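Student:
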Amino acid sequence: MAVLKIARMGHPALMGVARPVSDPTEPGIRRLAQDMLDTMRDAPGIGLAAPQVHVPLRMVIYMVPESRTNDGEGQPLTVLINPEITVLDETTEEGVEGCLSLPGMSGKVARPRHIRVQALDLDGNELDYEAEGFHARVIQHECDHLDGILYPMRMTDLASFGYVEEMTKPSE
Ligand code: NI
44 MAVLKIARMG HPALMGVARP VSDPTEPGIR RLAQDMLDTM RDAPGIGLAA PQVHVPLRMV
104 IYMVPESRTN DGEGQPLTVL INPEITVLDE TTEEGVEGCL SLPGMSGKVA RPRHIRVQAL
164 DLDGNELDYE AEGFHARVIQ HECDHLDGIL YPMRMTDLAS FGYVEEMTKP SE
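Just add 43 to wherever you are in the sequence shown, counting from 1, and you've got my numbering.
So, in structure tokens, the structure goes:
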């Protein structure tokens, strides 16, 4: 088990465009996925992109807990290597996001609600599926990290950006 250090907003590791993984079946890539999982569980969080742990490769992991979806249908732990997103429905939905690179903070981001994802898994198999709602949001958030984009850069109204602890305080 290896818990890796997570870069916080402002660190150059988060700002670049990550490069594609040349061989998803390489043992080093599997080890990285395991370390990313250990790191995500330790944080804890529901998604993590390789650049967040200082590795400039196009790889993300995520899961969707049942409690975070409207239909109660969660998503198991998924590893996406070299993911490509196609927007299937330009209609956007607003939702609150947080990020392990901005600990303790959250903000509202509008994102397309229906996407198609194409990627490779750790065995080099092709993945091709659709995602909607919160599931689609998580994937878009994680894949943004691969292009140096953090969720505040997607926000149109910074009034909803702030520290979770302050926002959930009862009004005084
Ligand atoms: Ni993030």
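Note that CB positions come from ideal geometry on N, CA and C, so glycine has one too. Bear in mind the structure is a predicted one, so any value in this text is a computation, not a measurement.
(1) Hey, out of L165, L57, S149, G71, whose CA is closest to L120's CA?
(2) Locate the alpha helix (DSSP H) running through I182, then write down its first and last residues.
(3) Considering only the alpha carbon of each residue, which of Y194, E185, V103 lies closest to I124?
(4) Would you say H184 touches the ligand NI, meaning its beta carbon is less than 7 Å from a heavy atom?
(5) With 16 other CB atoms within 10 Å as the buried threshold, where does D187 fall?
(6) On the CB-based measure, 16 or more other CB atoms within 10 Å of its CB, does T271 come out buried or exposed?
(7) Got a sec: does the ligand NI put a non-hydrogen atom nearer than 7 Å to the Cβ of H188?
(8) Might you give, ordered along the chain, the residues of its own chain that have their beta carbon closer than 8 Å to the beta carbon of E18, omitting 5 neighbours on each side?
(9) Report yes if the C-beta distance between P155 and E137 is below 8 Å; otherwise report no.
(10) Quick one: is the Cβ of L123 within less than 7 Å of any heavy atom of the ligand NI?
(11) Figure out for me which residue from E208, G167, P55, Y172 has the closest Cα to the Cα of Q118.
(12) Starting from D132 and walking both ways along the beta strand (DSSP E), at which residues does that stretch end?
(13) Alpha carbon to alpha carbon, how far is F204 from F177?
(14) Could you please give the first and the last residue of the uninterrupted alpha helix (DSSP H) stretch that includes Q161?
(15) Less than 8 Å between the beta carbons of H97 and A61, yes or no?
Tutor: From the atom records:
(1) For the purposes of this step, residue 120 is taken as residue 77 along the sequence shown, with counting starting at 1. The shortest C-alpha separation from L120 is found at L165.
(2) Locating residue 182 in the sequence shown gives position 139, counting from the first residue. I182 -> alpha helix (DSSP H) spans 176-188.
(3) For this step, residue 124 is matched to residue 81 along the sequence shown. When each option's Cα is compared against that of I124, the closest is V103.
(4) To locate residue 184, count along the sequence shown from 1; it is residue 141. Yes, the beta carbon of H184 sits closer than 7 Å to at least one heavy atom of the ligand NI.
(5) Counted from its first residue, the sequence shown places residue 187 at position 144. So D187 counts as buried.
(6) This structure cannot settle anything about residue 271, because the visible part of the chain is limited to 44 through 215.
(7) To locate residue 188, count along the sequence shown from 1; it is residue 145. Yes, the beta carbon of H188 sits closer than 7 Å to at least one heavy atom of the ligand NI.
(8) This structure leaves residue 18 out entirely; the chain is present only between 44 and 215.
(9) Here residue 155 is taken as the residue at index 112 of the sequence shown, counted from 1. Here residue 137 is taken as the residue at index 94 of the sequence shown, counted from 1. No. Outside cutoff.
(10) Counting from one through the sequence shown, the residue named residue 123 turns up at place 80. False, no ligand heavy atom lies under 7 Å from that Cβ.
(11) Within the sequence shown, the letter at position 75 stands for residue 118. The option with the nearest alpha carbon to Q118 is Y172.
(12) If you number the sequence shown from 1, residue 132 lands on position 89. D132 -> beta strand (DSSP E) spans 118-140.
(13) Along the sequence shown, read from residue 1 onward, the residue named residue 204 stands at position 161. Along the sequence shown, read from residue 1 onward, the residue named residue 177 stands at position 134. Their Cα atoms are separated by approximately 19 Å.
(14) In the sequence shown, the residue the question calls residue 161 occupies position 118. Premise fails: Q161 lies in the beta strand (DSSP E), 148-163, not in any alpha helix (DSSP H).
(15) Along the sequence shown, read from residue 1 onward, the residue named residue 97 stands at position 54. Along the sequence shown, read from residue 1 onward, the residue named residue 61 stands at position 18. No.
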